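Read the structure below first, then the notes.
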Amino acid sequence: MREMTDGAETVEVEGSSVRQIINNLDEKFPGVKARLTDNGKMKANISVAVDGQVSPIGVLEKVGEESEVHFFPAIGGG
Amino acid sequence: MTTTYEPNQVLSTKEFKVVGTRPIRHDGVDKVTGKAQFGADVFPTGLLYGKILRSPHAHAKIKKIDTSKAAAMAGVKAVMTGRDMPETPNVPGEERRITLGELSTDLKYLREQVMATKRVLFRGHPVAAVAATSPHIAEEATKAIEIEYDVLPPVLTAPEGMADDAPIIHDDVFTDELGEKQTDKPSNVAEHFQHKLGDVNKGFAEADVVIEREFNTSTVHQGYIEPHTCTVQWNKDERVLIWNSTQGPFNVRDSAAQVLDIPISHVRLTPMEIGGGFGGKFEPYGEPPAAILSKMAGGRPVKIVMTRTEELECTGPTPGSYIKCKIGATKEGKITAMQAHMAYEAGAFPGSPVGAGAMCVFAPYDVENMLVDGYDVVVNKPKTAAYRAPGATNAEFTSETIIDEIAEKIGMEPLEFRLMNAAKEGTRQADGAPYDKIGLVEVIEAMKDHPHYNAPLEGKNRGRGMALGYWMNAGLQSSVNIAVNQDGTATLVEGSPDIGGSRTSISMQAAEVLGIQAEDIHPSVADTDSVGFSFGTGGSRTTFATGWAAYKAAEDVKQQMIERAALIWDVDADSIEMEDGVLKSKSDPELKTTFKELAGELNSTGGPIIGRGAVDPKGVGVAFAGLIVDVEVDPETGKVDVLRVTAVQDAGKAIHPSYVEGQMQGGSVQGIGWGLNEEYFMTEEGVMANSTWLDYRMPLALDLPMIDTVIVEVANPGHPFGVRGVGEVNIVAPPAALANAIYRAVGVRMERLPMKPQTVLETIAAQKG
Chain A
472 MREMTDGAET VEVEGSSVRQ IINNLDEKFP GVKARLTDNG KMKANISVAV
522 DGQVSPIGVL EKVGEESEVH FFPAIGGG
Chain B
124 MTTTYEPNQV LSTKEFKVVG TRPIRHDGVD KVTGKAQFGA DVFPTGLLYG
174 KILRSPHAHA KIKKIDTSKA AAMAGVKAVM TGRDMPETPN VPGEERRITL
224 GELSTDLKYL REQVMATKRV LFRGHPVAAV AATSPHIAEE ATKAIEIEYD
274 VLPPVLTAPE GMADDAPIIH DDVFTDELGE KQTDKPSNVA EHFQHKLGDV
324 NKGFAEADVV IEREFNTSTV HQGYIEPHTC TVQWNKDERV LIWNSTQGPF
374 NVRDSAAQVL DIPISHVRLT PMEIGGGFGG KFEPYGEPPA AILSKMAGGR
424 PVKIVMTRTE ELECTGPTPG SYIKCKIGAT KEGKITAMQA HMAYEAGAFP
474 GSPVGAGAMC VFAPYDVENM LVDGYDVVVN KPKTAAYRAP GATNAEFTSE
524 TIIDEIAEKI GMEPLEFRLM NAAKEGTRQA DGAPYDKIGL VEVIEAMKDH
574 PHYNAPLEGK NRGRGMALGY WMNAGLQSSV NIAVNQDGTA TLVEGSPDIG
624 GSRTSISMQA AEVLGIQAED IHPSVADTDS VGFSFGTGGS RTTFATGWAA
674 YKAAEDVKQQ MIERAALIWD VDADSIEMED GVLKSKSDPE LKTTFKELAG
724 ELNSTGGPII GRGAVDPKGV GVAFAGLIVD VEVDPETGKV DVLRVTAVQD
774 AGKAIHPSYV EGQMQGGSVQ GIGWGLNEEY FMTEEGVMAN STWLDYRMPL
824 ALDLPMIDTV IVEVANPGHP FGVRGVGEVN IVAPPAALAN AIYRAVGVRM
874 ERLPMKPQTV LETIAAQKG
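Protein chains in written order, with the working numbering: chain A, 472 to 549; chain B, 124 to 892.
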């Protein structure tokens, strides 16, 4: 995804849920939302982890003020 | 610190009443007396026998299929081909993902995998099926089906598939990177991803020693004893009944329903006892064809039982791989950079475990600079399936052998080198996410403390090797119901098939909450109509997640029991507590009863009590393990004899230590088989030349010594009892540990799995002349 964030490996955005994080990321870096989600849900082959824990509920996961959010290929892929 | 030798040690940090003990398993009597009902034991009235006709070619176009002669045979009741399967909607951009154990696939690929329509993509690919009144008639009828093929050149390895001039297997597969198609040109590379931490170029520049090697590993099979088997009946009410051998009843219910294009609620799947799976029994193979044959035959049930050759040629093995691995370190022992290029064979359809392999390859180490590139490559072999820590064994074979080599180059003891660089809580993994509490340091220290590690190893051509293994484990959804019986026992209904004693490990967690004995819980694995959705038994998740659901269900029961006592004593429920199976008033010592006594009062105090637990948990505890192995190598023949093995593993909390020890021993054996002998030996035409258990060389009891175990317990803060999954990580370390032992025995670095006699001899010749 670094090509979408001008090469930055980490960026800071506000939001209290993964959905808000993605929406705010998309404002800063247009296209991120389309890259990560499909019909309002995480794409099937992309996972999100909040504070090191892979979320089973994706965009609905709550995010704290100091949380770290990671997007990465879903394990297994394909 | 361990100072005395015991074959099985448990380094407990917290004790419970039931959890951590070793009760007799609930299903033991039925299994040792032969009464347990497995998949092939189902014989409903009017049963027909199904047989699948499979492609003799690894890659070919189907020009023509003529089933008329087969259909005309006496005793044949139905014949089908891919044209009888429902078409799967293929809307661009709309993937329909099917979860299959730890892997997943697109519905359209699963549909084609079940039965080919236009092209066959691996030797053994189903092309037609027959249902008949006897298995012999069914087999003869498949031979009467006439098929014309236009044979195409096969692609058999990941590097072959990635070559510029490789035959393209799918014209609708394009290289995807994190959800985005990278090119309009079809490719055998279905996916590429990259994990990056820091700057590896800077890290390698800071290193005093840099080692880079290329590794190749062969395709291997799970080797479960019981083959895939299913009996399917398409009822007149349009409900489809399935009895089968599966790790994932709900997974197969859902995927079979989607392949058949019917609602999932129209399928009821009854999981029978299972004779092993190891990840390979999450996919529907015979179920959809058997359903269609049943419908064509007027609703008569159809049974399909695979032969061993069908298992090896046509179900999902774990992939062969090509991995280039590079690690650099300072002479003081600090790892400065780690890099891997990993290409895994997906098989005939996208979806190898390369993603998992990439997460595991450098997982034991706290290193600032990492770069991992993963490639999922389709080839003309059976579609890979999950196999015990899928992807991890290939990956850590490469990194753990190079770690050993660097330790030697800088003059450090290999475990000290690992300890110095070991990942800890907060260490960032290759994808950037930090670890929660982990027990890697404790595992390494337990290895160092073990008598095996310190025992002298004498004799010519003998060597001792060690390696670490990592697996991330899974959580996922589970449901449990618990009903209290009036005699003070309870029935527990769950949806995760019992492969390794999970009925008991799940019951023990409920018993701990209720303060009763594990034997007072009567567990059963229900059909998909009788319990809430439960992901299957895989990903080392069942004792963790289904156990957690049992914990919640028991807590629900406990609260209801407290409310019953409050009703009888005419006090507030808040004034009552329940501990160790005793309910008592917090203020009045006269008000006291036991769980068993109160259970006898249920009928007169409001009726049944049923507790329910449903979870989709976070808090999964990752797992680390280590292996110490002694070998003796015959330099004349290349044969490797395993002399002594000790397996160490962090279980978080071992609910039933005997079952954890069994998993550690079983996983070690499979890892040793993978390391020394097991492989798909493929001809140039893409035919597996060793598709029987006479020729596919799995380890036997006579090949191995008893395997000692050490259970380390570093509690997972994400589980009520501290559980980490224990089923998979134990397979990861053995190949690398064996390679390191072989090096110390004969002085050569192994780069290929399996390390069979021929490979050992070739490596000795190449490296020592």
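Where a beta carbon is used, it is the ideal one built from N, C-alpha and C, also for glycine.
What you are looking at is a predicted structure, and each value in this text was computed from that prediction instead of being measured.
Going by DSSP, residue 537/A is part of no beta strand (DSSP E) at all; its letter is neither H nor E.
Secondary structure note for residue 858/B: its alpha helix (DSSP H) is the uninterrupted segment 857–869.
Fewer than three pairs of CB atoms, one per stretch, sit closer than 8 angstroms, so the region 308–320 of chain B makes no contact with the region 522–538 of chain A.
Only residues of its own chain outside the window of five on either side were considered, and among them 473 have a CB closer than 8 angstroms to the CB of residue 480/A, listed in chain order. Collapsing the DSSP output to three states places residue 472/A in coil.
Around the beta carbon of residue 274/B, fewer than 16 other beta carbons sit within 10 angstroms, so the residue counts as exposed. A straight-line Cα-Cα distance of about 7 angstroms links residue 318/B and residue 496/B. In this structure, the straight-line span from the alpha carbon of residue 511/A to that of residue 496/A is close to 15 angstroms. At least one beta carbon of chain B lies nearer than 8 angstroms to the beta carbon of residue 514/A. Residue 171/B sits in a strand when the DSSP states are folded into three classes. The closest CA to that of residue 891/B, considering only 449/B, 526/B, 871/B, 875/B, is found on 871/B. Collapsing the DSSP output to three states places residue 480/B in a helix. By the rule that beta-carbons nearer than 8 angstroms mark a contact, residue 301/B touches chain A. At a cut-off of 8 angstroms between beta-carbon atoms, residue 507/A makes contact with chain B. In this structure the region 498–508 of chain B does not lie against the region 834–843 of chain B, because fewer than three pairs of beta carbons, one per stretch, are closer than 8 angstroms.
Within the same chain, and ignoring the five residues on either side of residue 858/B in sequence, the residues whose Cβ sits closer than 7 angstroms to its Cβ are 516, 520, 794, 797, 798, 876. Collapsing the DSSP output to three states places residue 689/B in a helix. Rounded to the nearest whole angstrom, the CA to CA distance from residue 168/B to residue 817/B is 36 angstroms. In this structure, DSSP gives residue 464/B an extended state, which the three-state scheme calls strand.
Judged by DSSP in its simplified three-state form, residue 606/B adopts strand.
For residue 742/B, the residues of chain A that pass the 9 angstroms Cβ criterion are 524, in the order they occur in the chain.
Under the Cβ criterion of 8 angstroms, residue 295/B is not counted among the residues facing chain A. Nearest CB-CB separation between residue 556/B and chain A: below the 8 angstroms threshold. Sequence-distant partners of residue 567/B (beyond 5 residues in either direction) whose C-beta falls short of 7 angstroms from its own C-beta, in its chain, are 538, 541, 542, 545, 749.
In this structure the region 257–276 of chain B lies against the region 180–188 of chain B, because at least three pairs of beta carbons, one per stretch, are closer than 8 angstroms. The region 602–611 of chain B makes no contact with the region 760–778 of chain B: fewer than 3 CB pairs, one atom from each, lie closer than 8 angstroms.
Taking 8 angstroms as the cut-off, the Cβ atoms of residue 678/B and residue 648/B do not count as close. C-alpha of residue 543/A to C-alpha of residue 662/B: approximately 19 angstroms in a straight line.
In this structure, residue 738/B sits near residue 601/B, with a CB-CB distance shorter than 8 angstroms. Sorting 809/B, 843/B, 458/B, 862/B by C-alpha distance to the C-alpha of residue 470/B places 809/B at the top.
The region 383–400 of chain B makes contact with the region 352–362 of chain B; the number of CB pairs closer than 8 angstroms reaches 3 or more.
In this structure, the straight-line span from the alpha carbon of residue 465/B to that of residue 446/B is close to 5 angstroms. Ranked by how close their Cα comes to the Cα of residue 751/B, the residues 262/B, 575/B, 231/B, 486/B have 575/B in first place. Separation of residue 380/B and residue 757/B (C-alpha to C-alpha, rounded to the nearest whole angstrom) is 53 angstroms. Taking 8 angstroms as the CB threshold, residue 500/A stays off the interface with chain B.
Taking 8 angstroms as the cut-off, the Cβ atoms of residue 776/B and residue 598/B do not count as close.
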